[in-house]
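Numbering-wise, the sequence shown is residues 1 to 231 according to this note's numbering. The block underneath contains the structure these notes are about, expressed in structure tokens.
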Amino acid sequence: MSNELNSMLNEKIDDSLIREYLQENPDFFTRNEDLLAQLQFRHSEKGAVSLIERQQQKLRQRVQQLEEEITELMINARRNEAIFNAYSNLYVQLLRCDSLSDVLSQLKNTFENELDMPVLTLKFFESPVELDEQYTFASDTHKQLLSKRFSDESIYLGRLTEQEHKLLFNDESIQSVALLLLGENGELGMLAVGSSSAGHFEPAMDKLLIKQLQALLGAVLPELIKRHDAA
């Protein structure tokens, strides 16, 4: 009879019941310390290990994981600080610019030397003054780009078609771009920045710093365009 009873009990005891019991009795192993040394688990490299060794191994793995996460956070924090400082310094330098060439020079210096994005284009739309060829689009070639990439916002982050790429850049290594319409309603022109990394500029990325750059350029460029014409 006892064997039959034991069989019935064994059938009813499963992992969930044992798990529930241990959760409800966290002092179980404190009251039964001898079990800690007796219980063994299979290890892929070490063979059988005790529960204590297993816990120590899990703890070491968790500590290593936390150290890696902290290191990654520190790297990202330093990277973000460097980006913030680069943009902050650029804002100051742009306010000191006396010409369009100064603006373009400061933009290229920051994006090339501090942000590792050497390909940059500054173009203007239908300016009331005559500008050098490097600052203008040929005919109305930009209008299709505007209608396709700026239907809702004044900033586009992502990738371009081959035709759009040729319109803005000579460098074929560009994989992702940031396009900023300039002016209160985007009527002034466009700043285009290219990256060789396909994932650098993505639609979901934070736009705070480039929005500030967009606003600053929209404020300083109209006067510099007039000076360019006078010169």
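Built from N, CA and C at the ideal position, the CB exists for glycine as well.
- By the neighbour-count criterion, in which a residue is buried when 16 or more other Cβ atoms sit within 10 angstroms of its Cβ, GLY194 is buried.
- Linking GLN106 to GLN93 through their CA atoms gives a straight-line distance of about 7 Å.
- For GLY199, the secondary structure class from DSSP, reduced to helix, strand or coil, is coil.
- Counting along the chain, PHE29 sits inside the alpha helix (DSSP H) bounded by residues 28-31.
- Per DSSP, the continuous beta strand (DSSP E) segment holding ILE155 begins and ends at 155-158.
- GLN214 counts as buried, since no fewer than 16 other beta carbons sit within 10 angstroms of its beta carbon.
- For LYS58, DSSP assigns no beta-bridge partner whatsoever.
- The stretch 151-160 makes no contact with the stretch 82-102, as fewer than three CB pairs between them are under 8 Å.
- At the C-beta level, LEU182 and LEU168 stay beyond 8 Å of one another.
- THR161 carries a coil assignment under DSSP once its states are collapsed to helix, strand and coil.
- If you check the CB distance, LEU180 and ILE210 come in under 8 Å.
- With a 10 Å radius around the Cβ and a threshold of 16 neighbouring Cβ atoms, PHE84 comes out exposed.
- Contact check for PHE137 against GLY186 fails: the beta carbons are separated by 8 Å or more.
- When VAL177, LEU59, GLN134, LEU35 are compared, the shortest CA-CA separation from PHE111 is found for VAL177.
- Between ALA86 and LEU115 a beta carbon distance of about 6 Å is seen, short of the 8 Å cut, so the two are scored as contacting.
- DSSP places MET190 within a strand segment (E or B) once states are collapsed to three.
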